[in-house]
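Enquirer:
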Amino acid sequence: MCTVSVLLALYMSMVSCSDFFDTDPDTILKDEDYIKTQNEMYYGYLGIISALQNVADQAIYLTDTRADLLEPTVNASTELWDVYNYEDLSNNPYADPTKYYTLIIACNDFIYKMKEYKERVQDSMDEQGEVDFEALMAGAIRVKAWTYFALARIYGEAYYFDDPLTKIIDLQDGSTFVYLTTYKDIVNKCIEILDSVDHLDIDWGAWLDPEDPTNSEYALWQFITPDYKCLRSELCLARGADGDYEWVKEAMLSMLYAEFNTSNRRWRMGNMTSNTYPRFFSRNSFTEYMPVSTVFYDYEKNQTNGLINCFSEGGGAEYLLKPSVYGREKFNESGSGSLRTTTFFRNDDDHFSKFTGDRGGRTSVYQSDPPIQLYSSFDLHYMLAEALNHLGNWRECETILNNGLSNLFPSNTIDRTLGWDDMRWDIWIGRNVTPDTGIRGCLGVDAVELPMPTDPVYRITEEERQKIYDLALLDDMLMEFAGEGRAYGMMVRMAERYNDPAIIGDRVAPKYPIYEQGDIRTKIMNGDYYVKYDLANMSGEEDSQE
């Protein structure tokens, strides 16, 4: 009988505010203590964020090794080489999904205790507490959906459950667990649970620093929860059902329009410099213009991740992963000077410096606290372009990917005869705004040539055009999101959409030695782009036979 032990998860969902800052075991809220006061609603939620910190870097080891850029170094363990080589990962510690399920249990436990607390106090919460209660519940649902989506992209299967699991339960118990057997099953479930609540965002500054909430350091906590519109948009792109692409277009356009109305620079494709772009990946500096949702760390509060250890040498780092020759060559883009190339390969071609290049002299393993992005401004533009592509708006898609509206309309007036009939596009250009130079344009690289229906010779179907544009977006996303634990999932999305594992094989197999490429491609074509892991072997599980 396969069972799940969940005792390890209970602490994850019971972390106080002080623990989030200081990681002091003496400040952990025990199960019988929480949630009994209004403040403990917030403390409990920070326990979820602490569990999110623990899992955020796992996908980098598990998926970027199998993508098109990185390969293990001679320092890497056999287990990491097995991940890279698409070997059997049944007992591989890197493939163990325990941390993901721990985070799910933390969310379930928090939701359960919040409902208990609400039932106990009834209407005695103050007005702000009532609002924050709904926002915290929505945040927990979002983290849970994000976690299941991570399982979909990595494993292609998952056990879904809402129970807080305070005791050992048989995985075959259908009253507790639902076995989701496919990527699409998990995606549909994620959208279902997202749509079960209204999505509010808590004002952390108002709670922690009510005298100066706007300027408080806690106002930056707006980034710690996966953004609802970004998460649901990514899920809609993965599902591709009727109305999904329209939903994504509206969500992304509305987010960008609202931000462009209040800020001249944030989230725009046109504000990247050799100072701001590298800092976004390597420092906890949230005064930049790119973050949307971020897992951040602070080594002075004992919050670290494995990025420095993985990619650096010296300072106690193991230096486990490096750029492959094949992957590195993809970044030899033509143009005025690629910010990606100078940021990701700052010193040489043997080190991936995306997270380590601008650390202000902090290079030791114990100082490893670069942020891990869940969503950035680039996501907004890529997802908008992808949705527009499937709505037949090919010119808008091409413009967003390449050189932007400011280059298409140098007079700062949109020509409506070319499309762009939504008036919200107008705010993208103008004399007093940062020019929109497109995703590739803002990074200093030349445009990708794409077939257009207005070409003198154009002999492809609309379905063929959409796939060509999708793959152009994918190839750019693979470069932009390299090493973040997200790029591989974007390949999976395209492979699932077109029922074509070769989309992954064509991009990954050439990274390997010639004599191994056929074997790697065969594994991918047979469906092994999903990690195969027996859940009975999860850490903390008991496996016995009746």
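Numbering (mature numbering (1 follows the signal peptide of the UniProt record, and there is no 0)), first residue to last: -17 to -1, 1 to 529.
Just so it is clear, CB atoms sit at the ideal spot from N, CA and C, and this is done for glycine as well.
1. Looking at the structure shown, is T277 part of a helix, part of a strand, or coil, going by DSSP?
2. Where does M24 land, buried or exposed, given buried means 16+ other C-beta within 10 angstroms?
3. Quick check: the stretch 433 to 450 against the stretch 363 to 370, are at least 3 beta-carbon pairs closer than 8 Å?
4. On the premise that G122 lies in contact with Y28, defined as a C-beta separation below 8 Å, what is that separation, rounded to the nearest angstrom?
5. Mind checking which residues open and close the beta strand (DSSP E) that includes S359?
6. Could you please give the first and the last residue of the uninterrupted alpha helix (DSSP H) stretch that includes L304?
7. Which partner residues of I451 appear in the DSSP bridge assignment?
8. Among the candidates E463, L461 and M477, whose CA atom is the shortest distance from the CA of D453?
9. Could you tell me how far apart the beta carbons of I151 and C90 are, in whole angstroms, since I believe they sit closer than 8 Å?
10. If we ignore side chains and look at the alpha-carbon of each, how far apart do A78 and I174 end up?
11. Per DSSP, V491 forms a beta bridge with which residues?
12. Would you mind reading off the limits of the beta strand (DSSP E) that contains L433?
13. How many Å lie between E301 and L53 at the Cα?
14. Going by alpha carbons, who is nearest to Y471 out of E194, E499, T324 and I507?
15. Buried or exposed: where does Y512 fall if 16 or more other Cβ atoms within 10 Å of its Cβ makes it buried?
16. Compute the Euclidean distance between the alpha carbons of K494 and S158, then round it to the nearest angstrom.
17. Would you mind working out which of D92, Y69 and T437 sits nearest G488, comparing C-alpha positions?
18. What residue from F392, S321 and M273 has the CA that sits closest to L203's CA?
19. Around the Cβ of D7, are there at least 16 other Cβ atoms within 10 angstroms (buried) or fewer (exposed)?
20. Taking the alpha-carbon positions, what's the I383 to S317 distance?
21. Of all the options F264, T245, E432 and I88, which has the alpha carbon lying nearest to the alpha carbon of N385?
22. Taking the C-alpha atoms as reference points, what is the distance between D517 and Y138?
Expert: In terms of the structure at hand:
1. strand
2. Only buried fits M24, as 16 or more other CB atoms lie within 10 angstroms of its CB.
3. Short answer: they don't touch.
4. 6 Å
5. Where S359 is concerned, the enclosing beta strand (DSSP E) stretches over I355 to S359.
6. Note, L304: premise wrong, no alpha helix (DSSP H); beta strand (DSSP E) at L304 to P306.
7. BP columns for I451 are empty, so no partner.
8. When each option's Cα is compared against that of D453, the closest is M477.
9. Wrong, their Cβ atoms sit about 19 Å apart, outside the cutoff.
10. 25 Å
11. DSSP, once it has assigned bridges, lists no residue as partnering V491.
12. It is not in any beta strand (DSSP E) - L433 carries neither H nor E in the DSSP assignment.
13. 15 Å
14. I507
15. buried
16. 45 Å
17. Y69
18. Proximity to L203 across F392, S321 and M273 peaks at M273, based on C-alpha coordinates.
19. The pLDDT assigned to D7 is 37, lower than 50, so where the model puts this residue is not dependable, and the model offers no usable value.
20. 18 Å
21. Of the candidates F264, T245, E432 and I88, the residue whose Cα lies closest to the Cα of N385 is E432.
22. Going from the Cα of D517 to the Cα of Y138 covers about 10 Å.
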